[in-house]
Amino acid sequence: MKQLLFSLLLLCPFFAFSQSNNSPSSYDPHEIAITGYLQTQYQRAQSPGISSFSGGNFEKNSQDRFMIRRGRLKIDRSDKYSSIVFQIDATQNGVALMDAFIQLHRPDSKNLLFTAGLFNRPFGYSIVYSSGYRDFPERARVFQTLMPRERDIGAMVTFRPDHKMFHFLTAELAVINGSGYSARDYDTKKDIVGNLGFKFDSLANKKLHIGFGGSFYKGSVRNDTETYYTSTSNGFVKNTSPNNVGSNAKRNYYGGNLQMQYDNTFGATSFKAEYVAGTQPGVASTSSITGPIASQSFAAQPATDLYLRPFSGYYLWLSQRIAKSRFTALLAYDVYDPNTDVKESEIGAPNSFTTAGDIKFSTLGYGMTCQIGPRIKLTAYNEHVVNNTTELPEYVNDLKDDVFTMRLQYRW
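Mature numbering (1 follows the signal peptide of the UniProt record, and there is no 0) puts the sequence shown at residues -18 to -1, 1 to 394.
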């Protein structure tokens, strides 16, 4: 029985396409079900005290660390008309609420779902894709910046046609606070998120699997000062007026994604890509706000002037299961450019108002996973992080901020 379970796990990696956080463990009627996963890991940074998107920043004098990256405990229940999901995350930093939502549906069909509570924002592919099934240790920098911790509070409608001719389609539309999963809404505006996805699992004699889709995010951020900055090709333009207090800056994203897998004699080759661009309200980098997080989305009312930046970002993920072994090779590349208007050589120029919050970062990741057993996975992964050089004194050269991760995961 164990060998059968292990074989199914290795032979069907594309099953992960359906591993959405916005659903119970099963829609079949059941009483309380408890599932989850634990990720414990060792990390070594290239230098002490670096800012990192690989599990958080390192402490000032720390270059290596042991940590509990994720400790998820999920409780759910389903009946004829509804489902409820409650999930927490317990780490060395404490216990945090991750999911808490109710889903309603017709008794004879799940083609139309209404979700209310705390859930993953339905944008693109990687945001709703469970970290317990993802081969790569973390989501790309661009998504950690735009949607930190992935969740928000609101209501969502999901449509999946029952008819076989349209079973490949999923449409989602949500109205959310916009302030993230752990924050109270700080203005009267609500954000709208939409996603349209397509999935084809039985092409080329069931060896080829393809998924793709498009998403949008339409929101805003309240300005609490008399000044905000708009981006130009030479930096920022300062806009000052008493009328700017209480105005709303646009926070708009547009994205596309693609997933492909081909089962072949070498194992299974999987390629996933996602691109997103738009306008992101941020702040200036300061001594207390490091460059990489100056354009991060806000969980509370920003107290300083807003900087409106046109951004773009993407990731490319390639994984290759090695024949019928337990090993899968990983290769990834992601880019986040928080300000596509300015060149790196212009950042830090006099009177440009540019800061470290406008610097472009790229990350090359490579490693391997080993499926030790049906529930246990070992991952070794290295990230080579590169920032473009600028006129800013602390960013004249590339920072020494690479990170190596060795992770052990148990899922139940």
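Backbone N, C-alpha and C fix where the C-beta goes; we use that ideal spot for every residue, glycine too. Remember, it's a predicted structure, so these values are computed and weren't measured experimentally.
Here the alpha carbons of Tyr257 and Leu178 stand approximately 15 Å from one another. Per DSSP, the beta bridge partners of Met242 are Ile192, Phe253. For a cut-off of 8 Å, the C-beta gap from Ala285 to Asp206 is around 6 Å, short enough to register as a contact. A direct Cα-to-Cα measurement between Glu376 and Ile70 gives close to 38 Å. His12 sits away from Ser64, with the two beta carbons spaced by 8 Å or more.
Out of Pro130, Ser33, Val139, the CA that lies nearest to the CA of Ile84 is found in Val139. Contact check for Tyr236 against Phe293 fails: the beta carbons are separated by 8 Å or more. The stretch 76 to 164 contains, as complete beta strand (DSSP E) runs of 3+ residues, the segments 76 to 86, 94 to 102, 133 to 141, 151 to 158 (chain order). Ala305 and Gly295 have their C-alpha atoms some 33 Å from each other. Taking the CA atoms as reference points, Ala314 sits about 42 Å from Val227.
Here Asn364 carries a strand assignment [DSSP, helix/strand/coil]. Inter-residue distance for Arg133 and Thr272 is about 23 Å (C-alpha atoms, whole angstroms). Exclusion of the five residues before and after Ile57 leaves Ile14, Ala15, Ile16, Val67, Phe68, Gln69 as the residues of its chain whose Cβ lies within less than 8 Å of its Cβ. For Ser277, the closest alpha carbon among the candidates Gln241, Lys171, Ser344, Asp319 is that of Asp319. Residues of the same chain with a CB within less than 7 Å of the CB of Ser113, apart from the 5 flanking positions on each side, are Arg52 in chain order. Distance between Lys254 and Arg123, taken at the CA atoms: about 15 Å. Secondary structure within the stretch 199 to 226: the beta strand (DSSP E) runs of 3 or more consecutive residues, fully enclosed, are 209 to 214, 217 to 222 (chain order). When the beta-carbon positions are compared, Gly339 and Ala266 come within less than 8 Å of each other. Here the C-alpha atom of Thr371 lies approximately 46 Å from the C-alpha atom of Pro6. The stretch 152 to 166 makes no contact with the stretch 213 to 221: fewer than 3 CB pairs, one atom from each, lie closer than 8 Å.
Distance from the CA of Gln243 to the CA of Leu190, rounded to the nearest whole angstrom, comes to 6 Å. Ile275 carries a helical assignment under DSSP once its states are collapsed to helix, strand and coil. Arg303 and Cys352 do not touch by the CB rule: their CB atoms are close to 11 Å apart, not below 8 Å. When rounded, the separation of the alpha-carbon atoms in Gln74 and Leu151 is 40 Å.
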